[in-house]
Amino acid sequence: MEVAQVPINECLKEVCEGGCTNTLSIADGPTLVNANGSSLVGVTTVVMAQCGCDIDDGSSPLRCTPESCLHGGVCVYNDDSKTTR
484 MEVAQVPINE CLKEVCEGGC TNTLSIADGP TLVNANGSSL VGVTTVVMAQ CGCDIDDGSS
544 PLRCTPESCL HGGVCVYNDD SKTTR
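In structure tokens, the structure reads:
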């Protein structure tokens, strides 16, 4: 059995001023698929679009990348923060 990875980008559906970021949420319960004697159990996840810039958690040097802000947002950083305009 081969499982192909499917790109998910909820920001393609959103109209955000100042950029858009995809956020992955993981539910507490599993997902079960039961079909004719075969069963699959997986992690229940939801990808949601959030307007704004993906802010760095501080564990790496601040820098803007093409993925920092989408939909025309411009990433701007100074010594201690990264924001979208």
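The opening position of the sequence shown corresponds to residue 484 in the working numbering, with each subsequent residue numbered one higher.
Idealized CB from N, CA, C, for every residue including glycine.
- Sorting 494, 489, 485 by C-alpha distance to the C-alpha of residue 536 places 494 at the top.
- About 5 Å separates the beta carbons of residue 506 and residue 531, which is inside the 8 Å limit, making them a contact pair.
- In the DSSP assignment, residue 515 falls within the unbroken beta strand (DSSP E) covering 503-518.
- Taking every protein chain shown into account, the CB of residue 553 has 16 or more other CB atoms within 10 angstroms, so this residue is buried.
- In chain order, 508 place their CB closer than 6 Å to the CB of residue 529, counting only its own chain and leaving out the 5 sequence neighbours on each side.
- As a beta-bridge residue in DSSP terms, residue 532 pairs with 505.
- If you compare the alpha carbons of 520, 517, 533, 512 with that of residue 526, the shortest gap goes to 512.
- Residue 553 carries a coil assignment under DSSP once its states are collapsed to helix, strand and coil.
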